[in-house]
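These notes are about the structure you will find just below.
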Amino acid sequence: AVLLGADIGTTFTVVLLSIKKITLYALLIVALGFLIQVISRSRKTYNIGGIILGFGLIFYGMYLMSQAAVPLKESEVASHVFAYLAGHPLATLILAIIISAAIHSAAMIGIAIALAFAGTLTFEAAIPIVLGANIGTCVTAILAGFGAGIEGRRVALAHTAPKVIGVAMVFPFIPEAARFVTYIDEFLVKVAPVFSTSVAAKIAITHIMFNLAIAVFFLPLIPVLAKLIMLIIPTPPGAEEEFGPKYLDKRALKTPAIAFAQVKREIMRVAEIASGMVERSLRMFSRGTDAQEEIETTQADDDKIDILEKAVRFYLAKLGQ
């Protein structure tokens, strides 16, 4: 569920990139971010300036790409390339996957928007690029999953599988998808006249609708998907890991808000174990209960709590730095 939500959240950047007027004022945004950093008196204000500066640089990069792509309209070679891509959506899809995987980001969608601004890319040709970019970005999760044990590989598969299935479902119906997005685009223009229709706007809408559709489709199927993934990547026999903290990820220490949330989850886990110990303590007074077995289980759980309590303390000490 977190992965599905994150995929929708990341579409916000693409929406901003599709607004051409923002790219025209990119250098002003860069200057504003830099100015905030210079005059800032607190770390928080400095970071806000850094965010604005970063967005400004992205928008300026979009502006440069769109300007550089303008001459392609007059290029005979480029026209043949774009004509080929428009007529071969599968080749476009594979190319977008390869480029997105190579640059480890959804910047391929940004490139498509820049080409749309320059007038060198049609909307129908851009749809396979959007679909391919959504699969290509999963490569980062897959590479990270290899070094994160069984759970990491499962999360990587959980991130990739819905994207691949979604693309497989949408790809045969690209013309219908184009008509549907065009209808939504026209509807938005009627509702909000400020919203200007363009190929770039349609690319952004396609990206949003694709990720929304995946979330809506897979949200009710999360338990089924989880079981399927655990069948595909099972726990090897005899590979049960030694008991320890489940949520204290060292990589989260770089982001204190996430690290604190992980600590809370681990403490809730301690509380669940303690709650089970209390229930077993009461069960020992019931007839037919093997008191000795309950005592041994409670002692084992007490040792688990000691392990987790120590891990939480050390994790918080690192976080304090």
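First residue of the sequence shown: 408, per this note's numbering; consecutive thereafter. C-beta: ideal position from N, C-alpha, C; glycine also.
- Contact between the stretch 630-644 and the stretch 604-613 is absent: fewer than 3 CB-CB pairs across the two stretches fall below 8 Å.
- Where GLN444 is concerned, the enclosing alpha helix (DSSP H) starts and stops at 433-446.
- In this structure, ALA493 places its C-beta atom within 7 Å of the C-beta atom of THR529.
- By the C-beta density criterion, PRO630 is exposed, having fewer than 16 other C-beta atoms within 10 angstroms.
- Going by DSSP, PRO652 is part of no alpha helix (DSSP H) at all; its letter is neither H nor E.
- Between VAL537 and ILE557 a beta carbon distance of about 32 Å is seen, past the 8 Å cut, so the two are scored as non-contacting.
- When DSSP states are grouped into helix, strand and coil, GLY526 belongs to the coil group.
- The alpha-carbon of ILE506 is positioned some 39 Å away from that of LYS671.
- Between ASN618 and ILE415, the CB-CB gap stays under 7 Å.
- GLN474: member of the alpha helix (DSSP H) spanning 450-476, first to last residue.
- If you draw a straight line from the Cα of ALA622 to the Cα of ALA490, it is about 33 Å long.
- Using a Cβ distance threshold of 7 Å, GLN444 and TYR453 count as a contacting pair.
- The shortest C-alpha to C-alpha distance from ALA563 to any of CYS545, GLY573, VAL574 and VAL577 is the one to CYS545.
- A straight-line Cα-Cα distance of about 19 Å links TYR467 and THR417.
- Secondary structure of ASP708 (DSSP, three-state): helix.
- Relative to ILE534, the option among LEU464, GLY543 and PRO582 whose CA is nearest is PRO582.
- Cβ contact annotation for MET637 (same chain, cutoff 8 Å, sequence separation greater than five): ARG561, in chain order.
- At a Cβ-Cβ threshold of 7 Å, ALA521 and SER473 count as neighbours.
- Excluding five sequence positions before and after PHE667, the CB atoms of its chain that fall closer than 8 Å to its own CB belong to LEU726, given in chain order.
- By a beta-carbon distance limit of 8 Å, GLU701 does not contact ARG694. Their separation comes to about 13 Å.
- Along the stretch 604-651, the alpha helix (DSSP H) occurs as fully enclosed runs of 4 or more residues at 606-625 and 629-639, listed in sequence order.
- At a Cβ-Cβ threshold of 7 Å, GLU649 and ALA585 do not count as neighbours.
- Straight-line spacing of the CA atoms in ALA475 and VAL484 works out to 16 Å.
- HIS487 sits exposed, since fewer than 16 C-beta atoms from the chains shown fall within 10 Å of its C-beta.
- For ASP414, the secondary structure class from DSSP, reduced to helix, strand or coil, is helix.
- Annotation: the continuous alpha helix (DSSP H) that includes PHE667 extends over 663-690.
- Rounded to whole angstroms, the separation of the alpha carbons of ASP697 and LYS653 is 30 Å.
- Note on LEU655: 16 or more other CB atoms within 10 angstroms of its CB, so buried under the neighbour-count rule.
- In the structure shown, the three-state DSSP call for ARG694 is coil.
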